[in-house]
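Colleague: Here the sequence shown is numbered in the UniProt record's numbering, starting from 239 and rising by one per residue.
Each residue gets a CB set at the ideal place from its N, CA and C atoms; glycine is no exception.
Keep in mind the model is a prediction, meaning the values are calculated, not measured.
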Amino acid sequence: YLIPLGLVTSALLVALVLWALRQRLSPHKELAIAVKNREFVTLYQPIIELSTGRCVGAEALMRWNRPDGTSISPEIFIPLAEETGLIEALTDHAIACVAADLARWKDEAGGEYGGMHIALNISSADMQSGRFLAVLAKTLADANVASEQIWLEATERGFMNAAAARATIERARAAGHVIAIDDFGTGYSSLSLLETLPLDTLKIDKSFIRAIGKQAATSLVIPHIIEMGHSLNFKIVAEGVETEAQQVYLRDAGVEFAQGWLYSKALPADDFLAFHNLTNRPSA
Ligand code: C2E
Ligand code: MG
Ligand code: MG
Ligand code: MG
239 YLIPLGLVTS ALLVALVLWA LRQRLSPHKE LAIAVKNREF VTLYQPIIEL STGRCVGAEA
299 LMRWNRPDGT SISPEIFIPL AEETGLIEAL TDHAIACVAA DLARWKDEAG GEYGGMHIAL
359 NISSADMQSG RFLAVLAKTL ADANVASEQI WLEATERGFM NAAAARATIE RARAAGHVIA
419 IDDFGTGYSS LSLLETLPLD TLKIDKSFIR AIGKQAATSL VIPHIIEMGH SLNFKIVAEG
479 VETEAQQVYL RDAGVEFAQG WLYSKALPAD DFLAFHNLTN RPSA
């Protein structure tokens, strides 16, 4: 009976390989279906002006809410979408969400909050191609939202191909967008990028913010990042601010903006508007 057992074993092996292959392939298929089904929602994490404590806008952060009730982090699905060419669809979706929410907020607030800006994460593939800019321009025009209200941010990886990035940045700036370099300090060639590309804002990665006040080598670098950013005329945003001590340090160092759980996690659109309005009341 050794032969049938061998057959069973190989049949099991084949089944296992097929299953593994399906496991590898299914996320791609799933992602395509989910984009279609609008399972991706945009949340808004408030950005605070440190000198006044006012909320001046938010970063749009995407979540994948599955029909089974689970929520998948963009740390997982964004790289997957980049690998499979689905990132363009996700970027278009984020643009549509942000334009619709800004238009609605303007209506609800009677045009009082035109100064608010929303930071949109642009993947490195989008940054290289620049294709999203036409979609962005049309979507904003259709929604009657000023392009000055949209900030664009990409990580250093998005600026690595400097020639392609420069073309995209120049077009984006001409359209009125502010451009930020995201997760600053975690990638390569940071200094040369800052010196050569026409960027406006530098977002210090949360790993540096976490080191504030700690006996870590990283904490020694922070004052230099801030000083260098300001000497190159960048506005600075600190991300991942979680403690009062970090806030005090950053404010004293002249950092313009902060974002983090100390103020708020990323919120659904309506909750964000309420948060924004609360910190912008004359009495606040
Ligand atoms: P990011 O652009 O650096 O966004 C900041 C991340 O830090 C967010 O994670 C945010 O929720 C988290 N965060 C904010 N405050 C704190 C804090 O005080 N403590 C800690 N520990 N974390 C904090 P999230 O939402 O999981 O997003 C992860 C990354 O996914 C983002 O990093 C961004 O690179 C990417 N991403 C998110 N939405 C989009 C999108 O619509 N398009 C693209 N291309 N990328 C996106
Ligand atoms: Mg970001
Ligand atoms: Mg960031
Ligand atoms: Mg980051």
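(1) Any chance you could list the alpha helix (DSSP H) runs of at least 4 consecutive residues sitting entirely within the region 444-487, in chain order?
(2) Could you tell me which of S457, C293, H355 sits nearest to F513, measuring between CA atoms?
(3) What three-state label does DSSP hand T308 in the structure shown?
(4) Is the beta carbon of A298 closer than 8 Å to that of I356?
(5) By DSSP, does A522 sit in helix, in strand, or in coil?
(6) Check whether the region 388-405 and the region 445-452 are in contact - that is, three or more C-beta pairs closer than 8 Å.
(7) Indicate the three-state DSSP secondary structure (helix, strand or coil) for D421 in the structure shown.
(8) Under 7 Å from any heavy atom of ligand 2, does the C-beta of E494 make it?
(9) Say yes only if the C-beta of K376 is nearer than 7 Å to one or more non-hydrogen atoms of ligand 3, and no if none qualify.
(10) Going by DSSP, what residues sit across from M300 in a beta bridge?
(11) Would you check if the distance between the CB atom of A296 and the CB atom of Y282 is smaller than 8 Å?
(12) So is the beta-carbon of E297 under 7 Å away from any non-hydrogen atom of ligand 2?
(13) Can you grab the Cα-Cα spacing for the pair L435 / M398, in whole Å?
(14) Leaving out five residues before and five after A522 in sequence, what residues of the same chain have Cβ atoms less than 7 Å from its Cβ?
(15) Return yes when at least one heavy atom of ligand 2 lies under 7 Å from the C-beta of E268, else no.
(16) Taking the alpha-carbon positions, what's the H415 to N471 distance?
(17) Between the alpha carbons of E482 and L500, how many angstroms are there, rounded?
(18) Thinking C-beta only, is E287 closer than 8 Å to E494?
(19) Can you tell me the Cα-Cα spacing of L488 and V479, whole angstroms?
(20) Quick one: grab the DSSP three-state call for T439.
(21) For ligand 2, any of its heavy atoms closer than 7 Å to the Cβ of D420?
Modeller: If we stick to the structure as given:
(1) Whole alpha helix (DSSP H) segments, 4+ residues: 444-448, 455-469.
(2) Measuring from the Cα of F513, the nearest candidate turns out to be C293.
(3) Note: T308 maps to coil in three-state DSSP.
(4) Taking a C-beta distance under 8 Å as the contact criterion, I356 and A298 qualify as a contact pair.
(5) The pLDDT assigned to A522 is 49, lower than 50, so where the model puts this residue is not dependable; a value taken from the coordinates is nonetheless given after this. In the structure shown, the three-state DSSP call for A522 is coil.
(6) By the Cβ test, the region 388-405 is not in contact with the region 445-452, since fewer than three Cβ pairs between them sit closer than 8 Å.
(7) Here D421 carries a strand assignment [DSSP, helix/strand/coil].
(8) Checking the Cβ of E494 against ligand 2 gives no.
(9) Flag unset: Cβ of K376 not near ligand 3.
(10) T280.
(11) Their beta carbons are under 8 Å apart, which means A296 touches Y282 by this criterion.
(12) E297: yes, Cβ under 7 Å from ligand 2.
(13) So the two alpha carbons sit approximately 11 Å from each other.
(14) Confidence is the limiting factor: at A522 the pLDDT is only 49, short of 50, which leaves the residue's position unreliable, though a coordinate-based value still follows. Excluding positions up to five away in sequence, the list reads L516.
(15) No, the Cβ of E268 stays beyond 7 Å of every heavy atom of ligand 2.
(16) Taken atom to atom, the span from the alpha-carbon of H415 to that of N471 is near 17 Å.
(17) Cα-Cα distance, rounded: 7 Å.
(18) Yes, the Cβ-Cβ distance between E494 and E287 is below 8 Å.
(19) Answer to the nearest angstrom: the Cα atoms are 9 Å apart.
(20) In the structure shown, the three-state DSSP call for T439 is strand.
(21) Distances from the CB of D420 to the heavy atoms of ligand 2 include at least one below 7 Å.
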